[in-house]
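Worksheet: the structure to be examined is printed underneath.
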Amino acid sequence: MTGLKNLYGRVSGFLSKYHIRGIYILIVLYVIVVTVINPVFLTLDNWMNLLRQVAVVGVISCGITFVMLTGRTDLSAGMMMTFLAALSCYYVLPGVNNQFMAIIVPLVLGTLFGLVNGVLVGIIRLNSFVSTLGMMSIYTGAVLLFTKKNPSLFADNTMTVYKFIGQGSVLGVPVPVIILLVVAVICSLVLKKTVYGARVYAAGSNVSMARFSGINPAAIIVSTYVIAGLATGLGALIMSSRIMAAQPKMGVGYEFTALTAIVLGGLRISGGKGTIWGTVVGVLILGIIDNSFVILGLDSNLQYVVKGIILAVAVASQLLSDRRQAL
Amino acid sequence: MKLSIKKLLSEYNIILVVAIIAVIGFAFVPYFGKATNLYKLLADLSMFGIVSVGMTFLLVSGEVDLSLGMSVAFATIVSSLVGSAWGGVWGLLAAVLLCMLVALINGLLVTKIRMSSLIASIATMTALTGICYLLGHGKTVPNDSPFLRELYTYRLFGMKFLQLPVVLFVLCLIGFGILLHRTRFGTGVFVAGGNAEAGYTAGINIGRTKLICFLIGGFCAGLTGVLLGSYVYAGAVSYGEGLNVTIISACVLGGTKFTGGKGGIVRTLLGIAVVRSIINITSLLSFDAWAQNIVTGVLLLVVLIIDRYTRVQRLEDAS
Chain E
1015 MTGLKNLYGR VSGFLSKYHI RGIYILIVLY VIVVTVINPV FLTLDNWMNL LRQVAVVGVI
1075 SCGITFVMLT GRTDLSAGMM MTFLAALSCY YVLPGVNNQF MAIIVPLVLG TLFGLVNGVL
1135 VGIIRLNSFV STLGMMSIYT GAVLLFTKKN PSLFADNTMT VYKFIGQGSV LGVPVPVIIL
1195 LVVAVICSLV LKKTVYGARV YAAGSNVSMA RFSGINPAAI IVSTYVIAGL ATGLGALIMS
1255 SRIMAAQPKM GVGYEFTALT AIVLGGLRIS GGKGTIWGTV VGVLILGIID NSFVILGLDS
1315 NLQYVVKGII LAVAVASQLL SDRRQAL
Chain Z
25 MKLSIKKLLS EYNIILVVAI IAVIGFAFVP YFGKATNLYK LLADLSMFGI VSVGMTFLLV
85 SGEVDLSLGM SVAFATIVSS LVGSAWGGVW GLLAAVLLCM LVALINGLLV TKIRMSSLIA
145 SIATMTALTG ICYLLGHGKT VPNDSPFLRE LYTYRLFGMK FLQLPVVLFV LCLIGFGILL
205 HRTRFGTGVF VAGGNAEAGY TAGINIGRTK LICFLIGGFC AGLTGVLLGS YVYAGAVSYG
265 EGLNVTIISA CVLGGTKFTG GKGGIVRTLL GIAVVRSIIN ITSLLSFDAW AQNIVTGVLL
325 LVVLIIDRYT RVQRLEDAS
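Chains as they are written, first to last, in the working numbering: chain E, 1015 to 1341; chain Z, 25 to 343.
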């Protein structure tokens, strides 16, 4: 019995020394099992497909990671993305055919919408949960109003530049995947290597200390929401150009998917702790579950149950190990 | 006297909102004031009011349960399935008990493992969404139990204003109102949300208090779900869509603080009256769902902002 305990202690010591979380090992084991059952899973083609599917949620999650590092949440992202995707798609409808606007509008408006969230939370200092919930309701209404005449917008297929963003590929790598990678690298560099990044972490971990060291927490919070808004706009652009269409329900629940991915990646929602690469891994875990269920031919509805359980177990084990380390 | 009215209005600014909506409704919206519409609105706001009362307990205790919306959908499916197979009473019991089981899981994750209730309830919400899809095979489940189909339209003593949802809501208001505002447990709920540490020192079992709040939330969600299933004669996942916004905005519009420690049952009654009246009015004016979403969202933000800038001048009281 003591031997077992000793082994457990050693293993967990080794894992925490090299920052390997239990969930990473579980997911690697899962990948191996799925590959044994169906080797198609571990082919390059399938992984490119998997990555392309998670690109939208990945980009958005990277943005929201900034917000959550300060201890705030953004529930408006899903419907904001839907609204921006519908707007973007509007500009490439047959007859409108304005690719420039279709690309610029979601990015600019996303930034602006992010600013609105930022002002509400950072400057007016409303509770981030309730105020972004209010914004979510507004975007839901806005997209319903916008798509009132025709609930499904179908883009003009001759819009090649626009189509390239969502469906094209460079050297066999889909463009959305490249975008996700670039976004993740930039976000990670910003968080890890710049003064601004250090300030984001500071604003999340200890507000009063941050204030004493000359950081303006309000400005940091506003800026994180602006980043999240821009990322959401980019996600909307990828989304609508990938399927070359938009409809009012396509982003429902994306905010929760992003939140799940971020938390799976090890971010503490009280703020101050978490990384972009953690978020990317979280997004990948969700993508692997999605994709493997299709590959294994399982009921796709079961994946919700699995995701819920994984989230609960991952966070629970993290909390327990946090507590063990604190002792 | 004059001062106390002023205080009342600044503390309960939701009363003003109710008044404005009532004026708009009665003066400008045709059919709003008609008895049939008012009865319909009353039953409707009662149905969703019940689950909002449950959420009030959670918010006051400083927690949130995002799975409540999906629990309502879950209850419509369970009551329809079980009710159709074994009879309505079993359907009702199964729905309420299973919703309480979900809430129990949430509560244990929050109180025993100390998980943030946001994350815990997102996890159970996600799992519950899957279970709902699996149970109904992604389709709408018909509700064939005569008992359940009659519930929503049942009138006590055949009297028009004693519709069953309204009666249940009033019972919930009185029962849970007394529990929250007049008992030791209720004080514990406020303390758990306002100053848990002090409560712990004072010998209040914060964990158990919060756990009971979760169970109340689950119970109320189950009840609302059964009524909703009885109203639409069916059960489906889609009935849970957007419900969290309705429930949380009802509580927050009423003046219940999202971060805990402040709130009340009457506030939630006023809040849900506003939220459902907006939906009633916009549909009477034959606007689509877009209008109610925008109006609810804007109103929520406006009330929050006003509250933010008037709060400085008034005393923060515990209740």
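Cβ atoms here follow ideal geometry from the backbone N, Cα and C, with glycine treated the same way.
DSSP places N1112 (chain E) outside any alpha helix (DSSP H), giving it a letter other than H or E. At least one C-beta of chain Z is nearer than 8 Å to the C-beta of V1144 (chain E). When secondary structure is reduced to three states using DSSP, F56 (chain Z) falls in the coil class, being assigned neither helix nor strand. Contact note: N1315 (chain E) reaches chain Z through T153, G154, I155, C156, Y157, L158, H161 and G162, using a C-beta cutoff of 9 Å and chain order. Only residues of its own chain outside the window of five on either side were considered, and among them P1262 have a CB closer than 7 Å to the CB of L1158 (chain E), listed in chain order.
Around R1139 (chain E), the beta-carbon contacts reaching into chain Z at under 7 Å are R332. Sequence-distant Cβ neighbours of Q1067 (chain E) in its own chain, meaning closer than 8 Å and more than five residues away, are G1301, D1304 and N1305. Assigned with DSSP and collapsed to three states, S1183 (chain E) falls in strand. Neighbourhood of T1274 (chain E) in chain Z, by CB distance below 9 Å: I143, I146, A147 and T150, in chain order. Around the beta carbon of R206 (chain Z), a 10 Å sphere encloses fewer than 16 other beta carbons of the protein chains shown; the residue is thus reported as exposed. At least one C-beta of chain E is nearer than 8 Å to the C-beta of S140 (chain Z). With a threshold of 8 Å between beta carbons, G249 (chain Z) makes no contact with chain E.
Under the DSSP definition of a beta bridge, Q187 (chain Z) partners with Z:R179. In the three-state scheme derived from DSSP, where H, G and I count as helix and E and B as strand, A1259 (chain E) is classed as strand. It is roughly 54 Å from the alpha-carbon of T225 (chain Z) to the alpha-carbon of F1160 (chain E).
The contact set of L1129 (chain E) on chain Z, defined by CB atoms closer than 9 Å, is empty, because the minimum CB distance reaches about 15 Å. If you draw a straight line from the Cα of Y1215 (chain E) to the Cα of K163 (chain Z), it comes to about 45 Å.
Beta-bridge partners assigned by DSSP to F1168 (chain E): E:A1259. Distance from the CA of G284 (chain Z) to the CA of K234 (chain Z), rounded to the nearest whole angstrom, comes to 12 Å. Contact between T153 (chain Z) and Y1318 (chain E) holds, with the beta-carbon distance rounding to 5 Å and staying under 8 Å.
When secondary structure is reduced to three states using DSSP, A297 (chain Z) falls in the helix class. Assigned with DSSP and collapsed to three states, V165 (chain Z) falls in strand.
According to the DSSP secondary-structure assignment, P1188 (chain E) is paired through a beta bridge with E:S1183. Among the residues facing chain E, G321 (chain Z) is included, as its CB has a counterpart in that chain under 8 Å away.
Cβ contact annotation for A297 (chain Z) (same chain, cutoff 7 Å, sequence separation greater than five): V42 and L69, in chain order. Taken through DSSP and simplified to helix, strand or coil, A258 (chain Z) comes out as strand. When secondary structure is reduced to three states using DSSP, R332 (chain Z) falls in the helix class. Leaving aside the five residues that flank S91 (chain Z) on each side, the residues in its chain whose CB is nearer than 7 Å to its CB run, in chain order, V126, N130, S145, T148, M149 and L152. M1253 (chain E) sits buried, since 16 or more C-beta atoms from the chains shown fall within 10 Å of its C-beta.
Listed in chain order, the alpha helix (DSSP H) runs fully inside the stretch 1193 to 1281 of chain E are 1209 to 1219, 1221 to 1226, 1231 to 1257 and 1268 to 1278, counting runs of at least 4 residues. Neighbours of I1037 (chain E) in chain Z, taken as residues at a C-beta separation under 8 Å, are lacking, since the least C-beta distance is about 13 Å.
Within chain E, no C-beta atom comes nearer than 9 Å to that of N229 (chain Z); the closest sits roughly 20 Å away. The beta strand (DSSP E) runs lying completely inside the stretch 110 to 177 of chain Z and spanning 3 residues or more number zero. Sequence-distant Cβ neighbours of N1220 (chain E) in its own chain, meaning closer than 8 Å and more than five residues away, are G1286. The continuous alpha helix (DSSP H) containing R208 (chain Z) extends over residues R208 to G218.
Using beta-carbon distances, A1091 (chain E) does not count as an interface residue toward chain Z, since no partner is under 8 Å.
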